[in-house]
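Inspection log for the structure reproduced underneath, given as structure tokens.
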Amino acid sequence: LQKMTSTFLLIGHLILLIPLFSAEECVICDYFVLVGEPTVISCPVITLPVLHSDYNLTWYKNGSATPVTTERDARVHQQGGLLWFIPATLEDSGLYECDVRSLNHSDQKTIHLTVFKNDNGLCFNGKMKFEQKVTSANTGKIICPDLEHFKDEDNQPEVHWYKECKPGFLEDKRLLLEEGANAVFIHNVTVQDRGNYTCRMVYTYMGKQYNVSRTISLEVKEGPPRMRPEFIYPKNNTIEVELGSHVVMECNISSGINGLIPFWQVNDEDVDSFDSTYREQFYEEGMPHGLAVSGTKFNISKVKVKDYAHKFFCHFIYGTEQFTAYIKLERPAQNIQCYLIGGGVSFVFLVFFTLFIYKIFKIDIVLWYRDSCHPFLGKKVSDGKIYDAYILYPKNRESCLYSSDIFALKILPEVLERQCGYNLFIFGRDDLPGEALISTADEKIRQSRRVIIVLVPEPSCYSILEDVSEKQLAMYNALIQDGIKVILIELEKIQDYATMPESIRYIKQKHGAIRWKGDFSERSHSARTRFWKKVRYNMPSRKNGSSSGLRLVP
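According to mature numbering (1 follows the signal peptide of the UniProt record, and there is no 0), the sequence shown holds residues -23 to -1, 1 to 531 in order.
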């Protein structure tokens, strides 16, 4: 706590002590006691020769040659160099002498004892008070003096305090009772704190109880203006603490006032009342330029679950104001950085892996989706088309080495119609005799969802007039008018498309072509081969599959 300037000017219990070094000189000292209360008088022999030698001390009443009795059950007796009055009466007022003798020294002192009564209606006598002074805006201390000889069985007097003879003033939160020092601390002293303070205790002697009281007149002096105190820490903040760990909860404030003491509370209880394992400690440090830092802290040796549910409030009182700040404990947030990095890397890897798998197995995935999701899809609105594909192929000439007729008229129907359930229009198979070539081709292409063009490397095999007209009409309708998707199938690798029609070159450049690598055996007629999967991928989905078990969805 701060150093305080308190001047004790004893009116009711003044001891004037002047050391003497001559045996013939005497000092008269005044003692005052309330009637009916016990008091004890010590002999003011304070000379070094006496203190460091064997001596005898004897008390006498008013110059009597008969010493005061040493019987402890006597109301007035001497014991251990002290003169006891248990209790004092009005008749005890007067002079008393203490005689001190040693081998080479003697002293005699005179004591004047006054036994007084309280003023009418008061618990004190206005002329018999101790005076103490404190400074405003500081922390003051009111001391109950001269109780060292009146201790109970536990060697600790129980002192009760009154202001202007009324109890209850200690309910002010600025006041702190310091029992061990028989004192009261006043934080942030104000002029309203001046007045008469009475301290009273009960002293038990030989089975009887007696009151021992002192009255202090407190004077408040105006102190210099001070800076407004403020919290250094906490700042209404949250700290992360692991369950079961040790933590020090510290609160400190800065001000120009010595003796400001912050204190901790939880749920409006002092921390040591909230949890008996908490131990609060106060401290104070002086700083340059008249500043002071005071604080309090307590240890939580092992953080419990309940500690996370409460705010720990630190308070201090300045004048008539109370200031509060808090700390809240919370469990540390998990370090998710590594999880984020790992999750991000995994996500990127998953995306690339998915794209890689999709690129490789895109055709199989799409075909599987068509087959698997068909039962769960609603009925598709009709697009007005009759055919799934219009087949356009070069008519074989005797000089051609490629069997485009076999592929178009036998293999394509076998796989796409019988196995996959598609409906094809193959010119030369499905047209009626006598129909006009151009009008028939135009009508059938409009009724088809796809156009399949079978290509062979040798230009002479498809450069016949009817083929050219049919191809041009098909290209025009597919690319310009209806936006029909065109599927190119190469029966052999075509090295050079320069001799091909411009529309073929355009489709090849934009969509590519599917190359036939099989033969004309039945092994190449399975819809599950890679070639036919590519063809089916580019074909529209079907509502109904074939007898082979393939299920294609629209």
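Glycine included, each C-beta is placed from N, C-alpha and C at the ideal position.
Handout entry: One or two residues paired with Val17 in a DSSP bridge
Key = Answer is Trp61.
Exercise for the section: Under 7 Å Cβ to Cβ from residue 532, same chain only, skipping five residues before and after it: list those, please. Expected result: Any property of residue 532 remains undetermined from this structure, which presents the chain solely from -23 to 531.
Exercise for the section: Check each candidate in Lys339, Glu467, Ser323 and name the one with the smallest Cα separation from Pro371. Expected result: Just measuring C-alpha positions, the residue of Lys339, Glu467, Ser323 sitting nearest Pro371 is Glu467.
Problem - Close beta carbons around Trp61, own chain, < 6 Å, minus the five adjacent residues each side - result: For Trp61, where only same-chain residues beyond five positions count, the Cβ hits under 6 Å are Val17, His54.
Practice task
Please name the residue, chosen from Gln186, Val248, Cys228, that lies closest to Ile63 on a Cα-to-Cα basis.
Solution key: If we check each option's Cα against that of Ile63, Gln186 comes out closest.
Problem - Rounded separation between Val45 and Leu195 - CA only - result: The alpha-carbon atoms of Val45 and Leu195 are separated by roughly 37 Å.
Exercise for the section: Kindly list the residues whose CB is nearer than 7 Å to the CB of Lys212, restricted to its own chain and excluding five residues on each side of it in sequence; keep chain order. Expected result: Counting only Cβ-Cβ distances below 7 Å, and skipping sequence neighbours, we find Ala302.
Exercise for the section: Pull up the CB-CB distance for Ile216 and His164, whole angstroms please, since I reckon it's below 8 Å. Expected result: A Cβ-Cβ separation of about 28 Å leaves Ile216 out of contact with His164 under the 8 Å criterion.
Handout entry: Reference Lys143, options Ala366, Arg177, Gln242, Trp241, closest by Cα
Key = Closest option to Lys143, Cα to Cα, is Arg177.
Problem - Per DSSP, cross-strand counterpart(s) of Asn33 - result: Beta-bridge pairing links Asn33 to Arg78.
Practice task
Write down every uninterrupted run of the alpha helix (DSSP H) in the segment 183 to 252 whose length is 4 residues or greater and which is fully enclosed by it, in chain order.
Solution key: As for any alpha helix (DSSP H) of minimum length 4 sitting wholly inside the segment 183 to 252, the runs are 248 to 251, ordered along the chain.
Problem - Cβ contact check for the segment 505 to 520 and the segment 336 to 343: 3 or more pairs under 8 Å - result: Verdict: yes, contact present.
Exercise for the section: Check whether the Cβ atoms of Asp348 and Asn400 sit closer than 7 Å, and answer yes or no. Expected result: The Cβ atoms of Asp348 and Asn400 do not sit closer than 7 Å to each other.
Exercise for the section: Indicate whether Glu14 and Val243 have their beta-carbon atoms separated by less than 7 Å. Expected result: No. Outside cutoff.
Handout entry: Own chain partners of Met183 with C-beta closer than 7 Å, once the 5 adjacent residues on each side are dropped
Key = The answer, listed in chain order, is Asp50.
Practice task
Note the first and the last residue of the continuous alpha helix (DSSP H) segment covering residue 578.
Solution key: With the chain covering -23 to 531 only, the question about residue 578 has no answer from this structure.
Practice task
Consult DSSP for Leu442 and reduce its assignment to one of helix, strand or coil.
Solution key: With a pLDDT of 34 at Leu442, under the threshold of 50, the modelled position of that residue is not reliable, and the figure given next carries that caveat. In the structure shown, Leu442 sits in a helix (DSSP, three-state: H, G or I).
Exercise for the section: Leaving out five residues on either side along the sequence, give the residues of the same chain with a beta carbon under 8 Å from the beta carbon of Arg427. Expected result: Closer than 8 Å at Cβ, skipping near neighbours: Asp365, Ala366, Tyr367, Ile461, Lys462, Val463, Ile464, Asn515, Met516, Pro517.
Handout entry: Distance between Val248 and His287 (C-alpha atoms, nearest Å)
Key = Cα to Cα, His287 sits roughly 12 Å from Val248.
Exercise for the section: Find the nearest neighbour of Leu432 within the set Ser480, Glu420, Lys421, judged by alpha-carbon distance. Expected result: Here the closest residue by C-alpha is Ser480.
Exercise for the section: Determine the contact status of Asn173 and Val225, defining contact as a CB-CB distance below 7 Å. Expected result: With respect to the 7 Å criterion, Asn173 and Val225 are not classified as neighbours on the basis of their beta carbons.
Exercise for the section: Provide the residue(s) that pair with Gln55 in DSSP beta bridges, ordered along the chain. Expected result: DSSP lists Leu60 as partners of Gln55.
Practice task
Answer with buried or exposed for Arg519, where buried requires no fewer than 16 other C-beta atoms within 10 angstroms of its C-beta.
Solution key: Label assigned to Arg519: buried.
Practice task
Quick one: grab the DSSP three-state call for Trp345.
Solution key: The three-state reading of DSSP puts Trp345 in helix, counting H, G and I together.
Handout entry: Every unbroken beta strand (DSSP E) inside the segment 272 to 320 [3 residues or more]
Key = Note on the segment 272 to 320: whole beta strand (DSSP E) runs with a minimum of 3 residues are 288 to 295, 298 to 307, in chain order.
Handout entry: DSSP state of Lys336 mapped onto helix, strand, coil
Key = Helix at Lys336.
Problem - The beta strand (DSSP E) enclosing His164, as first and last residue numbers - result: From DSSP, His164 is part of no beta strand (DSSP E); its letter is neither H nor E.
Handout entry: Rounded separation between Gly71 and Val12 - CA only
Key = Looking at the two C-alpha atoms, the distance is approximately 14 Å.
Practice task
Look at Thr116 and Phe162 and say whether their C-beta atoms are less than 7 Å apart.
Solution key: Taking 7 Å as the cut-off, the beta carbon of Thr116 is found closer than this to the beta carbon of Phe162.
Problem - Inter-residue Cα distance where the pair is Leu329 and Leu317 - result: The question names Leu, but residue 329 is Phe in the sequence shown. The straight-line gap from Cα to Cα measures roughly 18 Å.
Exercise for the section: Using the Cα positions of Glu257 and Val282, report the straight-line distance between them to the nearest angstrom. Expected result: Roughly 21 Å between the two C-alpha positions.
Exercise for the section: Return yes when the Cβ of Phe208 is within less than 7 Å of the Cβ of Ile230, no when it is not. Expected result: Yes.
Problem - Opposing strand residues paired with Ile471 [DSSP bridges] - result: Residue pairing by DSSP leaves Ile471 without any beta bridge partner.
Exercise for the section: Could you tell me the distance, in whole angstroms, from the CA atom of Gln169 to the CA atom of Ala269? Expected result: The straight-line gap from Cα to Cα measures roughly 25 Å.
Practice task
For Gln472, I'd like the list of residues in its chain whose CB is within less than 8 Å of its CB, leaving aside the five on either flank, ordered along the chain.
Solution key: These residues qualify, in order along the chain: Pro434.
Exercise for the section: Can you have a look at Thr43 and say buried or exposed, based on whether 16 or more other CB atoms are within 10 angstroms of its CB? Expected result: Only exposed fits Thr43, as fewer than 16 other CB atoms lie within 10 angstroms of its CB.
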